[in-house]
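Single-structure report; data block below.
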Amino acid sequence: VQLQASGGGLVQPGGSLTLSCVASGSTFMLNHMGWYRQAPGNQRELVAHIDRSGTTNYADSVKGRFTISRDNAKNTVYLQTISVKPEDTAVHYCNAGRFALYPGEYWGSGTQVTVSS
Numbered sequence: 837v838q839l840q841a842s843g844g845g846l847v848q849p850g851g852s853l854t855l856s857c858v859a860s861g862s863t864f865m866l867n868h869m870g871w872y873r874q875a876p877g878n879q880r881e882l883v884a885h886i887d888r889s890g891t892t893n894y895a896d897s898v899k900g901r902f903t904i905s906r907d908n909a910k911n912t913v914y915l916q917t918i919s920v921k922p923e924d925t926a927v928h929y930c931n932a933g934r935f936a937l938y939p940g941e942y943w944g945s946g947t948q949v950t951v952s953s
């Protein structure tokens with residue numbers, strides 16, 4: 837399984853951004869997909885994940901501001917962000933897994949999100 841993330845960039849505080857991640861390869865095996873992020877000097881942390889049935893889980897820091905969704909037909913997961921804050925600045929990584937273990941075993945390339953005026 838290969839994961840390709842896109843959609844990062846520079847956004848002003850209070851703005852919005854949508855990240856996308858497309859899975860290719862043996863995607864039929866995937867149970868869950870999601871996003872993690874890592875800021876300089878910090879450990880990689882969960883942002884949100886969604887399983888094949890649509891059940892979601894969010895980090896407390898993004899609840900009410902970020903929405904994860906999944907298009908199983910397109911093997912794509914999206915992360916819609918609103919009301920972004922400077923502390924959302926990080927490299928955001930796409931993640932996926934075959935089993936109910938988090939994070940999953942597959943990682944994509946990261947996409948940089950920078951929140952700054």
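Per our numbering, the sequence shown starts with residue 837, numbered consecutively. Idealized CB from N, CA, C, for every residue including glycine. In this text, all values refer to a predicted model and were calculated from it rather than measured experimentally.
Quick check: what's the CA-CA separation for residue i versus residue j?
| i | j | result |
| --- | --- | --- |
| G940 | P849 | 30 angstroms |
| L846 | I886 | 25 angstroms |
| P922 | T950 | 7 angstroms |
| Y938 | D924 | 21 angstroms |
Locate the beta strand (DSSP E) running through residue i, then write down its first and last residues.
| i | result |
| --- | --- |
| N796 | Examination of residue 796 is not possible in this model, given that the chain is present from 837 through 953 alone. |
| G844 | Premise fails: G844 is in no beta strand (DSSP E) and is neither H nor E. |
| Y938 | Careful: Y938 lies outside any beta strand (DSSP E) and carries neither H nor E. |
| I904 | F902 to D907 |
| S856 | L853 to S860 |
| R873 | H868 to Q874 |
Near residue i, what residues of its chain come up, given a Cβ to Cβ distance below 6 angstroms and the 5 sequence neighbours on each side ignored?
| i | result |
| --- | --- |
| Q838 | S860 and G861 |
| G882 | One point to set straight first is that residue 882 is Leu, not Gly, in the sequence displayed. Hits under 6 angstroms: Y872 and A895. |
| I918 | S852 and R901 |
| T903 | Q916 |
Starting from the C-beta of residue i, find all residues in its chain whose C-beta is less than 7 angstroms away, skip the five residues before and the five after it, and write them out in chain order.
| i | result |
| --- | --- |
| N908 | R888 |
| Q948 | G844 and V927 |
| G946 | A841, V927, H928 and Y929 |
Check the C-beta distance from residue i over to residue j and give it rounded, since I have them as a contact under 8 angstroms.
| i | j | result |
| --- | --- | --- |
| L855 | G870 | Incorrect: roughly 11 angstroms between the Cβ atoms, too far for contact. |
| R906 | V913 | 5 angstroms |
| A884 | T891 | That pair is no contact at about 11 angstroms. |
Quick one: residues in its chain with C-beta nearer than 8 angstroms to the C-beta of residue i, no 5 flanking neighbours on either side, listed in chain order?
| i | result |
| --- | --- |
| W943 | L839, Y929, C930 and N931 |
| R794 | Since the first residue shown for the chain is 837 and the last is 953, residue 794 is missing from the structure and cannot be characterised. |
| Q874 | R880, E881, A926, V927, Y929 and G946 |
Could you tell me whether the Cβ of residue i comes closer than 9 angstroms to any Cβ of chain B?
| i | result |
| --- | --- |
| A932 | Absent from the structure: chain B. Only one protein chain is present. |
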